[in-house]
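Q: In full-length UniProt numbering, the protein residues as written are 1 to 546.
Cβ atoms here follow ideal geometry from the backbone N, Cα and C, with glycine treated the same way.
As the structure is a prediction and not an experimental result, all values here were calculated from the model.
Provided herewith is a single structure, encoded as structure tokens, for subsequent inquiry.
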Amino acid sequence: MVMGATSLGLVRNDLFVTIEQVEQSLERFIAERGDAAALQQMVEGLQQLGGTLKLLQLAGAELLAREMWQLATDIPTGAGAARDGQLAALGRGLFVLRRYLESIDSHRQEIPELLLPSVNEVRESLGQPALPESFFFSVRLDAPRPPRALRPLTSDSGRRLRQMYQVGLLGVLRGEGVEAGLRLMERALGRLDAGCATRLCWIAAAALESLREAPLRLYPWRLRLLARIDRQLRQLLDAPSSEAPRSLLKELLYLVALGNGAGPRSREVRRVFALAPLPFSDALLAEAAQRLAGPGQAVMRSLAQAMSEELGELKELLDLCARGSQQTEGGERLRLQLERLAKTLGMVGLGAGATLLHEQLPRLAAAPGPALAGLADVLLTVESMVAGLAHGEPLKPCLGAQSVRSDDSSEASARQFAEARRVVIFEARNALAQAKQAIAAYLDGRGDTRPLLAVPDSLRSVRGGLWFLGLERAGALVASCADYVEDGMLGSAQMPPEAMLETLADALSSLEFFLEGGEGLHEDGRRGVLDLAADSVRALGLEVAC
Numbered sequence: 001m002v003m004g005a006t007s008l009g010l011v012r013n014d015l016f017v018t019i020e021q022v023e024q025s026l027e028r029f030i031a032e033r034g035d036a037a038a039l040q041q042m043v044e045g046l047q048q049l050g051g052t053l054k055l056l057q058l059a060g061a062e063l064l065a066r067e068m069w070q071l072a073t074d075i076p077t078g079a080g081a082a083r084d085g086q087l088a089a090l091g092r093g094l095f096v097l098r099r100y101l102e103s104i105d106s107h108r109q110e111i112p113e114l115l116l117p118s119v120n121e122v123r124e125s126l127g128q129p130a131l132p133e134s135f136f137f138s139v140r141l142d143a144p145r146p147p148r149a150l151r152p153l154t155s156d157s158g159r160r161l162r163q164m165y166q167v168g169l170l171g172v173l174r175g176e177g178v179e180a181g182l183r184l185m186e187r188a189l190g191r192l193d194a195g196c197a198t199r200l201c202w203i204a205a206a207a208l209e210s211l212r213e214a215p216l217r218l219y220p221w222r223l224r225l226l227a228r229i230d231r232q233l234r235q236l237l238d239a240p241s242s243e244a245p246r247s248l249l250k251e252l253l254y255l256v257a258l259g260n261g262a263g264p265r266s267r268e269v270r271r272v273f274a275l276a277p278l279p280f281s282d283a284l285l286a287e288a289a290q291r292l293a294g295p296g297q298a299v300m301r302s303l304a305q306a307m308s309e310e311l312g313e314l315k316e317l318l319d320l321c322a323r324g325s326q327q328t329e330g331g332e333r334l335r336l337q338l339e340r341l342a343k344t345l346g347m348v349g350l351g352a353g354a355t356l357l358h359e360q361l362p363r364l365a366a367a368p369g370p371a372l373a374g375l376a377d378v379l380l381t382v383e384s385m386v387a388g389l390a391h392g393e394p395l396k397p398c399l400g401a402q403s404v405r406s407d408d409s410s411e412a413s414a415r416q417f418a419e420a421r422r423v424v425i426f427e428a429r430n431a432l433a434q435a436k437q438a439i440a441a442y443l444d445g446r447g448d449t450r451p452l453l454a455v456p457d458s459l460r461s462v463r464g465g466l467w468f469l470g471l472e473r474a475g476a477l478v479a480s481c482a483d484y485v486e487d488g489m490l491g492s493a494q495m496p497p498e499a500m501l502e503t504l505a506d507a508l509s510s511l512e513f514f515l516e517g518g519e520g521l522h523e524d525g526r527r528g529v530l531d532l533a534a535d536s537v538r539a540l541g542l543e544v545a546c
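Below, the structure written as structure tokens:
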């Protein structure tokens, strides 16, 4: 039997019918969380999808279907608002899976890497670690480093070269002089490679060369990979003969293969590891991923305009019903339009608005008069969501009715909140900067704890401000840093190793960058920077629950 993309046409219709049935079951369950039959049909449909895709040997599609099945089995009947994010992830996963199979059916080319972002979104909603972008990449990792004369590094020169790498990395993370930052990092790795017998710096320098010359996009997971190199450099300088984890080497070799550059380092690494050119480029992946993601912003603006017009009609009808001029006929029209608009909102990712409208339907049926006043407030809330969609605000999972407030003073309140936010961010950045200065003074003073006395309370006050702004994860990480200063430095008779203090400074620097970037950072970028801070906090031996 012929498998893969060429065999999809044999079962195409059945596959898309199954996807549609799963989507319908998901819609019914979102509307009525106690519908156990809808939930069970969704689970069985996803299991059937996974089995069919496995037989077809469509690895990426089968992986996504399997992850969605695992997520669906984790959702209980009667799931509340806490599960809205998981339900939204299922909806987006089904949408991407359908678009991916349509693309395979049209072009007869399978690129499983395209589905990794959707797979990882589903895994994240389950609390599982993300899969690396080299997940579908195969390479033999036992090739040795070609022999060459080594120039041993002193501890001071090794530390300076690592700092050179860190300076370049920080510039890349900030988006300030990215090209220069990559060159500086590549130079540091090249000089370190001249004095190290292991393969890490050689392969990492080739990956940096590929990132710079191809060029390859600096996605958040690639930024985390660059930070992971830095943490590995710290270990390498402590134990020069230590070998890097195979998972890290595989990730770097994937970038070398993806870049397929003409630079001397990437050419040598491709030759030694026999890396064949990949059947796609980074630009092709980005373009194809954009097509999978759904309609463009122009389409979303047109859809938002249509929904705004429908909201206008609803408000007029609501006014007529409130004045009693069309109580019977108008009430039925109102119910039908509410149901139609709720379905549209759910399809475009505004699940919170759909939930709000669905909640009004039984209230209208039970007590039409009192329910009309509440419905007016709900329509204002939904109208603000649709306006955000028209202005290109990112779609978010359902947040519930309390996530949006609309009243006559909303504009003034927004200005006051923005001013309060600026003050809190300014104070938080100052506290983080002062904490880093205190740690440096502690280090210079060979363990003199006096500069640290005010640091824990100062950092914990930052946590309170960040919680006020809704930045709970950043606040929790700041509190972890405060705990380390209090327990591991002030409360310890011995001074922690310098490497641990550097790691603490890395965490504080990442949090400082997160605050400096503010709203200018893309959501994925904000998450990526906080992941960097979380990695540093974990390296301190502290548990991270976020």
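1. Confirm the yes/no value for this check: CB of A82, any heavy atom of the ligand GDP, distance under 7 Å.
2. Can you tell me whether N13 is buried or exposed, with buried defined as 16 or more other CB within 10 angstroms of its CB?
3. So, for L248: in the same chain, excluding its five sequence neighbours on each side, which residues have a beta-carbon less than 7 Å away from its beta-carbon?
4. State the start and end residues of the unbroken alpha helix (DSSP H) segment that holds C196.
5. Going by DSSP in three states, N260 sits in which element: helix, strand or coil?
6. Suppose contacts are defined by Cβ-Cβ distances below 8 Å. Is M185 in contact with L208 by that definition?
7. With DSSP as the reference, label D377 as helix, strand or coil.
8. Go to R234, then tell me how far its alpha helix (DSSP H) extends in each direction, as first and last residue.
9. Would you tell me roughly how many angstroms separate the C-alpha atoms of R460 and L361, rounded to the nearest one?
10. For V43, which residues of its own chain have a beta-carbon under 6 Å away from its beta-carbon, when the five flanking residues on both sides are left out?
11. For D142, does the three-state DSSP call read helix, strand or coil?
12. Exposed or buried, which one is N120 when buried takes at least 16 other CB atoms within 10 Å?
13. Looking only at its chain, what residues have a beta carbon closer than 6 Å to the beta carbon of A507, apart from the 5 residues adjacent to it on each side?
14. What do you reckon, are the CB atoms on L258 and Y100 nearer than 8 Å?
15. Per DSSP, what kind of secondary structure is F137 in: helix, strand or coil?
16. Would you give the residue range spanned by the alpha helix (DSSP H) that T18 belongs to?
17. May I ask you to report which of helix, strand or coil DSSP gives Q494?
18. From R270 to E67, what distance separates their C-alpha atoms?
19. So, helix, strand or coil for I111, using DSSP?
20. Following the continuous alpha helix (DSSP H) through Q40, name the residue where it begins and the one where it ends.
21. I think L49 touches A59, with their Cβ atoms under 8 Å apart; what is that distance to the nearest whole Å?
22. Just the Cα atoms here: how many angstroms apart are V386 and Q40?
23. Looking only at its own chain, which residues have a Cβ that is under 8 Å from the Cβ of K250, when we skip the five neighbours before and after it?
24. Is the Cβ-Cβ distance between Y484 and L469 less than 8 Å?
25. How about L115 and L63: are their beta carbons less than 8 Å apart?
26. Cutting at 8 Å between CB atoms, please list the residues of its own chain near E34, excluding the five before and the five after it.
27. Among the candidates S458, D444, R450, G447, whose CA atom is the shortest distance from the CA of A433?
28. So which of R363, G541, G491 has the shortest CA-CA distance to residue 606?
29. Taking buried to mean at least 16 other C-beta atoms within 10 Å of its own C-beta, is V462 buried or exposed?
30. Going by the CB atoms, is the gap between W202 and R123 shorter than 8 Å?
31. Can you tell me the Cα-Cα spacing of R224 and D531, whole angstroms?
32. Note down, in chain order, each residue of its chain lying with its Cβ closer than 6 Å to the Cβ of L252, except the 5 sequence neighbours on either side.
33. How long is the line joining the alpha carbons of A180 and L153, rounded to whole angstroms?
34. For L8, does the count of other Cβ atoms within 10 angstroms reach 16, so buried, or fall short, so exposed?
35. With burial defined as no fewer than 16 other Cβ atoms inside 10 Å of the residue's Cβ, what is the status of F273: buried or exposed?
A: On the basis of the coordinates in this document:
1. As far as ligands go, the structure on display features none, and thus does not contain the ligand GDP.
2. exposed
3. R228, Q232
4. Where C196 is concerned, there is no enclosing alpha helix (DSSP H), given that its DSSP letter is neither H nor E.
5. In the structure shown, the three-state DSSP call for N260 is coil.
6. Yes. Within cutoff.
7. helix
8. Element bounds for R234: 220 to 238.
9. Those two C-alpha atoms are separated by around 45 Å.
10. A72, T73
11. coil
12. buried
13. C481, A533, S536, V537
14. Pairing L258 with Y100 gives a Cβ-Cβ distance that is not under 8 Å.
15. coil
16. 8 to 31
17. coil
18. 33 Å
19. coil
20. 36 to 55
21. That pair is no contact at about 14 Å.
22. 32 Å
23. P132, S134, F137, V139, L141
24. no
25. yes
26. The sequence shown places Gly at residue 34, not Glu. Excluding positions up to five away in sequence, the list reads T77, G78.
27. S458
28. With the chain covering 1 to 546 only, the question about residue 606 has no answer from this structure.
29. Classification of V462: buried, given that the 10 Å Cβ count is 16 or more.
30. Contact annotation: R123 and W202 have beta-carbon atoms that are not nearer than 8 Å.
31. 8 Å
32. I203, A204, A207
33. 25 Å
34. Looking at its Cβ environment, which holds 16 or more other Cβ atoms inside 10 Å, L8 is buried.
35. buried
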